[in-house]
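Visitor: One structure is given below, represented as structure tokens, and several questions about it will come after.
Residue numbers (my numbering), protein chains in the order written: chain C, 1 to 477; chain B, 1001 to 1112.
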């Protein structure tokens, strides 16, 4: 074994006094670990020669972070904005931007720390990474061995932004801007941060893949429970507490621009590659697999939904194509990096059928005014997706489900995947998500209602929120 | 002088304009309007929501012509705008008491 004594760089010179130089084998093993997205071999103390983040993985995660932001700004803003009446177009855009800024502030202050620092199984430390202290370009090996932690924190922040933004679809056209901001602050603290920590945090209660001590061995690749179930069920509760739009089912509330809605849908679909494939935390084989399954589920559902409309109602609508695509993307989200192409195909078909039935038949039956179908698409799609993930997850696709992953071996996830039984764990995760989202939203909504009120005046609602709340008009004729 | 108001199907506008041009009509005013007659409206479905749209988009053409041109112009409109299906539109003719060209201050038939 060749002992290397050549020293490059002043930092290593200083360290050379106390640190053992890595061997050539160790240095090669580091490079192999980088290519395979495994844990690096030399520890920091050995002053390995590949000390920073991996350039390829970092590049993909920065791209993914930008893609996920693109989903909200302007993807979701246009998808939702096109579906409201023209007098409320700007209110939706303002809400998306407002949430992006607000959640960023929360995330920097303590949100990232609450989700991704170790703490209890239910919530991370509020202070460890407060103000993104110690969140540098060095990787946080709890999550991604080769991705800078500051990139990882920004990537995860984009999820924290889009999740509450999804809720505004249900309450569109009739909730005060101030009430939305107040609701979002409380909701992030009470519902999102704890839930995201439980699913993705290093010591999270339901982090089956990466927490050897997880009590519930659930899996959620990119946020079926954390993002879509939480926002969807909260949206249903909030829209019921808020009440219906003035004139609901009496006056015409047709989308003012299906063109903008379709453009927003395309942006969501493109951005979703960052959301799902990026959730591998690396540019590796799992990301590649998620990229494929995301495409298949979205494309299949985007066709199935309008075809069902065609059969049942006579015409395939553009809103049907858009809704199907989003439903497919929602439903594949928890499964993306865990399932095969064939499973993604089946998930795509289910995503084209069940959310459609929820939007077209369940909503009129139960008479809640989920204005833009956040519940029908995200809660229904996310819940079914989380359960289907338990059925279709395969260790052939994702080796992290194998015994070779020490965490999965320790908590027994490997056996659950191999012998069945994962579905029961998924149901537990679904149950906890449901209870936290519903109870949290009920409490927060009544607090906001009591303190500042939820709805604008009838006059403001009739005039349109654009003029009444923002002093602007989307279109001048 | 008479004013001819014709409500027609939007896609027929070019044909009507050309037909009027051929019989020597040199000017007209066109607006996009909404309304319904016997054709009634249509139903739009957005996921679970169904809306009946009563008012359909139509084009209104307005032209003022001298009395001798009225029958020629209406014949041209009828010929070019007719599809034979419900919703082809209507023509209204009314008396005009005066017309003035602002630039030259010409009046009556000279101004139209």
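Even glycine gets a Cβ: it sits at the ideal position worked out from N, Cα and C.
Return the chain-ordered ranges of every beta strand (DSSP E) run that is complete within the stretch 101-166 of chain C and spans a minimum of 3 residues.
Guide: none
Visitor: Pick helix, strand or coil for residue 444 (chain C), following the three-state DSSP scheme.
Guide: Reading the first chain from its first residue, position 444 is the one you call residue 444 (chain C). DSSP places residue 444 (chain C) in the helix class (H, G or I) of the three-state scheme.
Visitor: Can you tell me whether residue 67 (chain C) is helix, strand or coil according to DSSP?
Guide: As a working mapping, residue 67 (chain C) is identified with position 67 in the first chain. Reduced to three states, the DSSP call for residue 67 (chain C) is helix.
Visitor: Given a cut-off of 9 Å on the beta-carbon distance, is the pair residue 441 (chain C) and residue 187 (chain C) in contact?
Guide: Within the first chain, the letter at position 441 stands for residue 441 (chain C). Within the first chain, the letter at position 187 stands for residue 187 (chain C). Yes.
Visitor: Should the stretch 1021-1032 of chain B be regarded as contacting the stretch 1043-1063 of chain B, the criterion being three or more beta carbon pairs within less than 8 Å?
Guide: yes
Visitor: Tell me, please, whether the CB atom of residue 1048 (chain B) is closer than 9 Å to any CB atom in chain C?
Guide: By one-based count along the second chain, residue 1048 (chain B) stands at place 48. So yes, residue 1048 (chain B) belongs to the interface.
Visitor: Can you pull the chain B residues whose beta carbon is under 8 Å from the beta carbon of residue 317 (chain C), in chain order?
Guide: For the purposes of this step, residue 317 (chain C) is taken as residue 317 along the first chain, with counting starting at 1. Correct list: 1045 and 1046.
Visitor: Mind listing the chain B neighbours of residue 361 (chain C)? Cutoff is C-beta to C-beta under 8 Å, in chain order.
Guide: Residue numbering aside, residue 361 (chain C) sits at position 361 when the first chain is read from its first letter. Result: 1048.
Visitor: For the stretch 347-354 of chain C against the stretch 141-150 of chain C, are there 3 or more C-beta pairs whose distance is under 8 Å?
Guide: Look at the beta carbons and you see the stretch 347-354 of chain C not touching the stretch 141-150 of chain C: under three pairs across the two are nearer than 8 Å.
Visitor: Using the beta-carbon of each residue, which ones in chain B are nearer than 9 Å to residue 323 (chain C)?
Guide: Position 323 of the first chain holds residue 323 (chain C). 1047, listed in chain order.
Visitor: Which one or two residues does DSSP pair with residue 1089 (chain B) in a beta bridge?
Guide: As a first step, residue 1089 (chain B) is located in the second chain; it is residue number 89 there, counting from the start. Note: residue 1089 (chain B) sits in a beta bridge opposite B:1008.
Visitor: Going by DSSP, which residues form a beta bridge with residue 1031 (chain B)?
Guide: Against the second chain, residue 1031 (chain B) aligns to sequence position 31. Answer is B:1060, bridged to residue 1031 (chain B).
Visitor: With a cut-off of 9 Å, does the C-beta of residue 469 (chain C) fall near any C-beta of chain B?
Guide: Translated into positions along the first chain, residue 469 (chain C) becomes position 469. Output row for residue 469 (chain C): interface = no.
Visitor: Between residue 216 (chain C) and residue 344 (chain C), what straight-line distance do the alpha-carbon atoms span, to the nearest angstrom?
Guide: Mapped onto the first chain, residue 216 (chain C) falls at position 216. Mapped onto the first chain, residue 344 (chain C) falls at position 344. Their Cα atoms are separated by approximately 25 Å.
Visitor: What does the alpha-carbon distance come out to for the pair residue 1004 (chain B) and residue 1106 (chain B)?
Guide: Stepping through the second chain from its first residue, residue 1004 (chain B) is reached at position 4. Stepping through the second chain from its first residue, residue 1106 (chain B) is reached at position 106. If I take the Cα positions, the gap works out to 21 Å.
Visitor: Thinking C-alpha only, which one of C:30, C:59 and C:402 is nearest residue 47 (chain C)?
Guide: Taking the first chain and counting its residues from 1, the one referred to as residue 47 (chain C) is at position 47. Nearest C-alpha to residue 47 (chain C): C:30.
Visitor: Is the stretch 331-339 of chain C in contact with the stretch 220-233 of chain C, if contact means three or more CB pairs nearer than 8 Å?
Guide: yes
Visitor: Does chain B have any CB closer than 9 Å to the CB of residue 152 (chain C)?
Guide: Position 152 of the first chain holds residue 152 (chain C). Residue 152 (chain C) does not count as touching chain B.
Visitor: I'd like to confirm the pairing. Which residues does DSSP put opposite residue 1000 (chain B) in its beta bridges?
Guide: Missing from the structure shown is residue 1000 (chain B); chain B here goes from 1001 to 1112 and no further.
Visitor: From residue 1010 (chain B) to residue 262 (chain C), what distance separates their C-alpha atoms?
Guide: To locate residue 1010 (chain B), count along the second chain from 1; it is residue 10. To locate residue 262 (chain C), count along the first chain from 1; it is residue 262. Going from the Cα of residue 1010 (chain B) to the Cα of residue 262 (chain C) covers about 25 Å.
Visitor: Comparing the C-beta of residue 475 (chain C) with each C-beta of chain B, is any distance below 9 Å?
Guide: As a position in the first chain, residue 475 (chain C) is number 475, starting the count at 1. No, residue 475 (chain C) does not count as interfacial toward chain B.
Visitor: Within the 9 Å Cβ cut-off, does residue 1053 (chain B) reach chain C?
Guide: Along the second chain, one-based indexing puts residue 1053 (chain B) at 53. True, the Cβ-Cβ gap to chain C drops below 9 Å.
Visitor: Taking only three categories from DSSP, how would you classify residue 1044 (chain B)?
Guide: The residue you call residue 1044 (chain B) lines up with position 44 of the second chain. DSSP places residue 1044 (chain B) in strand when its eight states are reduced to three.
Visitor: Could you tell me which residues DSSP puts in a beta bridge with residue 475 (chain C)?
Guide: Residue mapping note: residue 475 (chain C) aligns to position 475 of the first chain, counting from 1. Looking at the DSSP assignment, residue 475 (chain C) forms no beta bridge with any residue, so it has no partner.
Visitor: Quick check on the DSSP output: the beta strand (DSSP E) that includes residue 32 (chain C) runs from which residue to which?
Guide: Walking along the first chain from the start, residue 32 (chain C) turns up at place 32. Per DSSP, residue 32 (chain C) belongs to no beta strand (DSSP E); it is in the alpha helix (DSSP H), 24-36.
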